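First the structure, in the form of structure tokens, and then the observations on it.
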Amino acid sequence: MNRPAVIFDHVSKYFPLYSTTSGIKNFLFHLPSAIKEMRSARFWALKDISFEIRRGETFGVMGRNGAGKSTMLSLIADVLKPSKGEVTINGRISPLLELGSGFHPDLTGRENIILNAVLLGMTKREAITKLDEIIDFAELNGFIDQPIKTYSSGMLARLGFSVAVHRNPEILLIDEILSVGDAQFQKKCTKKMLSFKENGVTIVIVSHNEDILKKICDRTAVIERGKLQSITETGKEY
Ligand SMILES: Nc1ncnc2c1ncn2[C@@H]1O[C@H](COP(=O)(O)OP(=O)(O)OP(=O)(O)O)[C@@H](O)[C@H]1O
Ligand SMILES: [Mg+2]
Numbered sequence: 327m328n329r330p331a332v333i334f335d336h337v338s339k340y341f342p343l344y345s346t347t348s349g350i351k352n353f354l355f356h357l358p359s360a361i362k363e364m365r366s367a368r369f370w371a372l373k374d375i376s377f378e379i380r381r382g383e384t385f386g387v388m389g390r391n392g393a394g395k396s397t398m399l400s401l402i403a404d405v406l407k408p409s410k411g412e413v414t415i416n417g418r419i420s421p422l423l424e425l426g427s428g429f430h431p432d433l434t435g436r437e438n439i440i441l442n443a444v445l446l447g448m449t450k451r452e453a454i455t456k457l458d459e460i461i462d463f464a465e466l467n468g469f470i471d472q473p474i475k476t477y478s479s480g481m482l483a484r485l486g487f488s489v490a491v492h493r494n495p496e497i498l499l500i501d502e503i504l505s506v507g508d509a510q511f512q513k514k515c516t517k518k519m520l521s522f523k524e525n526g527v528t529i530v531i532v533s534h535n536e537d538i539l540k541k542i543c544d545r546t547a548v549i550e551r552g553k554l555q556s557i558t559e560t561g562k563e564y
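Positions in the sequence shown are counted from 1; adding 326 to them yields this note's numbering.
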């Protein structure tokens with residue numbers, strides 16, 4: 327039972343490129359060739375990436391904007407499929423935590439919690455049982471019955487993190503959202519993640535906050551323009 331939680335085996339991922347340099351008239355005039363050109367234009371967001379994340383490991387991912395971090399997490403979450411290579415996951419994945427992802431702007435915080443939980447496979451009863459815990463953790467009491475389109479980004483992050491951690495994931499994926507939480511909430515999330523870590527949960531966390539990564543990660547990967555640049559052991563400073 328010691329299979330790695332995540333295996334990337336020579337994984338590459340491209341997105342179609344939208345080139346409109348020749349102008350719309352030109353595009354329509356040369357429609358067949360223009361479509362062909364559009365179809366073949368590709369941007370390789372991840373290039374030949376191979377690594378493994380051990381079960382129970384806390385794995386950080388760093389890199390500049392557009393480096394490919396969210397693409398990598400989306401592949402782990404099975405939201406995207408690799409164009410080449412293979413991604414293997416062993417364990418139950420939490421929802422991919424990106425700001426506001428999976429939430430409906432017109433529904434209230436409370437309704438979103440239930441919707442999200444049900445979409446993620448909880449029964450409605452389980453979701454309702456956990457509702458109070460989730461609301462408590464998020465500390466949004468005054469706003470929980472307001473539509474989330476009125477929430478600040480920090481409030482959205484609180485809601486997202488709280489929903490994800492109350493699902494007892496085996497693999498927790500966190501993309502950025504901690505950066506928008508205030509200091510007090512970041513502290514609370516860090517504490518929560520450390521307790522997950524102690525319980526053997528695998529955590530993959532993308533962040534621009536090196537301090538958080540250094541504090542909680544066993545290893546941290548750096549991605550540069552779609553390539554895996556390095557994976558280093560990170561100091562365990564907690
Ligand atoms: N759905 C998509 N269609 C086309 N291109 C995309 C798509 N998603 C990502 N990309 C491109 O892939 C590259 C990597 O994007 P990604 O979102 O993974 O970066 P990131 O490292 O998460 O950046 P950030 O720090 O800004 O969140 C970017 O150049 C982006 O424009
Ligand atoms: Mg990103």
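Virtual Cβ for every residue (Gly too), placed ideally from N, Cα, C.
Bear in mind that the values here come from a model prediction, so they are computed numbers and not experimental data.
Are three or more beta carbon pairs between the region 380–393 and the region 338–345 nearer than 8 Å? no
When DSSP labels each residue in this structure, what does residue 379 get in the three-state scheme? Taking the sequence shown and counting its residues from 1, the one referred to as residue 379 is at position 53. Correct three-state label for residue 379: strand.
Mind the definition here: the region 480–496 touches the region 391–411 only if three or more C-beta pairs lie below 8 Å; say whether that holds. no
Starting from residue 503, trace the beta strand (DSSP E) in both directions and tell me its first and last residue. Stepping through the sequence shown from its first residue, residue 503 is reached at position 177. No beta strand (DSSP E) contains residue 503, which DSSP labels as neither H nor E.
Residue 443 beta carbon less than 8 Å from that of residue 268: Residue 268 is absent from the model: the chain starts at 327 and stops at 564.
DSSP has residue 368 in a bridge; who is on the other side? In the sequence shown, residue 368 corresponds to position 42, counting from 1. The partner list for residue 368 (beta bridge, DSSP) reads 342.
Same chain, Cβ closer than 6 Å to residue 361, neighbours up to 5 away in sequence not counted: As a first step, residue 361 must be located in the sequence shown, where it is residue number 35. Within the same chain, residue 361 has no close Cβ partners at all.
Skipping 5 residues on each side, what residues in its chain have a beta carbon closer than 7 Å to that of residue 441? Walking along the sequence shown from the start, residue 441 turns up at place 115. Excluding positions up to five away in sequence, the list reads 430 and 433.
What are the residues that DSSP puts in a beta bridge with residue 545? As a working mapping, residue 545 is identified with position 219 in the sequence shown. Bridge partners of residue 545: 385 and 559.
With DSSP as the reference, please indicate the residues paired to residue 335 in a beta bridge. Position 9 of the sequence shown, counting from 1, holds the residue named residue 335. In the DSSP output, where bridge partners are listed per residue, residue 335 has 412.
Using a 10 Å radius around the Cβ and a threshold of 16 neighbouring Cβ atoms, would you call residue 354 buried or exposed? Sequence index remark: in the sequence shown, residue 354 carries index 28 (1-based). When all chains shown are included, residue 354 counts as exposed.
From residue 527 to residue 350, what distance separates their C-alpha atoms? Looking up residue 527 in the sequence shown gives position 201. Looking up residue 350 in the sequence shown gives position 24. Each residue's Cα considered, the two are about 51 Å apart.
So residue 379 packs on residue 530, CB below 8 Å; how close in whole Å? Position 53 of the sequence shown holds residue 379. Position 204 of the sequence shown holds residue 530. Right, their Cβ atoms sit about 7 Å apart.
Tell me whether residue 497 is buried or exposed, calling it buried when 16 or more other Cβ atoms sit within 10 Å of its Cβ. As a first step, residue 497 is located in the sequence shown; it is residue number 171 there, counting from the start. Buried, since its Cβ has 16 or more Cβ neighbours within 10 Å.
Going by beta carbon distance, what residues of the same chain come within less than 7 Å of residue 408, once the five residues before and after it are set aside? As a position in the sequence shown, residue 408 is number 82, starting the count at 1. So the qualifying residues of the chain are 337, 338, 339 and 401.
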